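Visitor: Would you mind keeping the following structure in view while I ask a few things?
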Amino acid sequence: MKPDLSPKPPKPDLRRLLDEAVTDCVPPAFPREGIVRRAAAIRRRRRLVAVSVAALLLIPVAGKLALDQDAPSSHTASSADSPTPLSSVSSETGEAPSPVRVVRPGERIDVGLGMWYLLKEREYCPKHQLDPEPSCVGPLDVEAPGVPMALNWYPFPQGVVSVFAYTGKTPATRITMTQHGRTTLLPIVRLPGRPSYVSSYAVSEPVSDDERKRLVRPTQGPVFRVYGADGAELAEVRQ
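Here you go:
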């Protein structure tokens, strides 16, 4: 016969002792508020670290941008795509020399209104926006007799583009355009070692629709003049 091992309820005295022991062992309260405060503090520290790291990463970029804005761009300063700005001259500064730009043979010289040209040893080659390739004018020779200037002009609704070259024996130091009583100082563009072979360009006022369509010489076109170092006029040509 097997003994009865089924659980039996405790006796009254044992139950009382167990109840008293449980009463003395009250569990501590769950520290919810402390855990919440600690989690919030950890989140704040993480956000602060993230912001600080982002700021440190951005400082070099901001510094580089500031330097890029303060320092002149080498591409802008030397770009062949940027035409030399034209400046008006008054009677007081009428003897001011033209700005000089020395270019390589075949280097692009932007004029405006989609036009550009290039210089060769004995030619200048304007490029119209409708032409697939530049159309060269020449050969030019400083020893050739006659008027030492050659000029091409191209009428557009916004204005008339002129590209011309001077091949006189005396080097040019100043080139001007005069139209309606206003004189504008034009740039000198030449090849290295060729001071007597210079070119220039300008955008003058628009012509009438009839003149533009028939490609006739403008009745009120500008006059281009070339001067030497002593102020003497070396050549003149009308558009």
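Start counting the sequence shown at 0; every next residue gets the next number (numbering that gives the first Met the number 0). By construction, the Cβ of each residue, glycine as well, lies at the ideal position given by its N, Cα and C atoms. Quantities reported herein were computed from a predicted structural model and do not represent experimental measurements.
1. In chain order, what residues of the same chain lie with their CB nearer than 6 Å to the CB of Phe155, ignoring the 5 residues before and after it?
2. Just curious, the alpha helix (DSSP H) that Lys212 is in, first and last residue?
3. Can the beta-carbon of Gly220 be found closer than 9 Å to that of Ser203?
4. For Pro205, which residues of its own chain have a beta-carbon under 7 Å away from its beta-carbon, when the five flanking residues on both sides are left out?
5. Unbroken alpha helix (DSSP H) runs of length 4 or more, entirely within the stretch 143-219: which are they?
6. Let me know the secondary structure DSSP gives Leu16 once reduced to three states.
7. Given Val52, which residues of its chain have a CB within under 6 Å of its CB, disregarding the five upstream and five downstream residues?
8. At 3 residues or longer, what runs of the beta strand (DSSP E) sit wholly inside the stretch 97-139?
9. Going by Cα to Cα distance, which pick from Thr172, Gln128, Val188 is closest to Glu106?
10. Sorted by chain position, which residues of the same chain lie with C-beta nearer than 8 Å to Gly122's C-beta, five sequence neighbours on each side aside?
11. Alpha carbon to alpha carbon, how far is Pro104 from Phe163? Give it in angstroms, no decimals.
12. Report the partner residues of Ala234 according to the DSSP bridge assignment.
13. Under the rule that 16 or more other beta-carbon atoms within 10 Å means buried, what is Ser161, buried or exposed?
14. Apart from the five residues on each side of it in sequence, which residues of its chain come closer than 7 Å, Cβ to Cβ, to Leu117?
15. Under the rule that 16 or more other beta-carbon atoms within 10 Å means buried, what is Pro191, buried or exposed?
16. What's the call for Gln128, buried or exposed, on a 16-neighbour Cβ count within 10 Å?
17. How close, in whole Å, do the beta carbons of Val222 and Arg237 come, if the pair is a contact with beta carbons under 8 Å?
18. Apply the 10 Å Cβ neighbour rule to Ser207 and answer buried if 16 or more other Cβ atoms are within range, or exposed otherwise.
19. If I measure Cβ to Cβ from Leu13 and keep anything under 7 Å in the same chain, skipping five residues before and after, which residues do I get?
Guide: Taking the structure as given:
1. Along the sequence shown, read from residue 1 onward, the residue named residue 155 stands at position 156. Cβ neighbours of Phe155 beyond the five flanking positions: Leu112.
2. Translated into the one-based positions of the sequence shown, residue 212 becomes position 213. Where Lys212 is concerned, the enclosing alpha helix (DSSP H) stretches over 208-213.
3. Position 221 of the sequence shown, counted from the start, is the residue given in the question as residue 220. Position 204 of the sequence shown, counted from the start, is the residue given in the question as residue 203. A contact, by the Cβ cut-off of 9 Å.
4. Within the sequence shown, the letter at position 206 stands for residue 205. For Pro205, where only same-chain residues beyond five positions count, the Cβ hits under 7 Å are Pro156, Gln157, Gly158, Val159.
5. 208-213
6. Position 17 of the sequence shown, counted from the start, is the residue given in the question as residue 16. Helix.
7. Indexing the sequence shown from 1 puts residue 52 at position 53. Confidence at Val52 is low in this model, with a pLDDT of 41, below 50, so the placement of that residue should be treated as unreliable; the coordinate-derived value is given next. So the list is empty, once near-sequence residues are dropped.
8. 99-101, 108-111, 114-118, 123-126
9. For the purposes of this step, residue 106 is identified with residue 107 of the sequence shown, where counting begins at 1. Of Thr172, Gln128, Val188, the residue nearest in Cα terms is Val188.
10. If you number the sequence shown from 1, residue 122 lands on position 123. Here residue 122 is Glu; the residue named in the question, Gly, does not match the sequence. Closer than 8 Å at the Cβ level, and outside the excluded window around Glu122, lie Cys135, Val136, Gly137, Pro138, Leu139.
11. One-based indexing of the sequence shown puts residue 163 at position 164. One-based indexing of the sequence shown puts residue 104 at position 105. Each residue's Cα considered, the two are about 16 Å apart.
12. Translated into positions along the sequence shown, residue 234 becomes position 235. Answer by DSSP bridge pairing, in chain order: Val225.
13. Mapped onto the sequence shown, residue 161 falls at position 162. Classification for Ser161: buried.
14. Locating residue 117 in the sequence shown gives position 118, counting from the first residue. Here the set comprises Gly105, Glu106, Arg107, Ile108, Cys124, Pro133.
15. As a working note, residue 191 is residue 192 in the sequence shown. Answer is exposed; the Cβ neighbour count stays below 16.
16. The residue given as residue 128 occupies position 129 in the sequence shown. Result: exposed.
17. Residue 222 sits at position 223 when you count from the first residue of the sequence shown. Residue 237 sits at position 238 when you count from the first residue of the sequence shown. Contact flag correct, Cβ pair sits at about 5 Å.
18. Position 208 of the sequence shown, counted from the first residue, corresponds to residue 207. Its Cβ having fewer than 16 others within 10 Å, Ser207 is exposed.
19. Taking the first residue of the sequence shown as 1, we reach residue 13 at position 14. No residues qualify anywhere along the chain.
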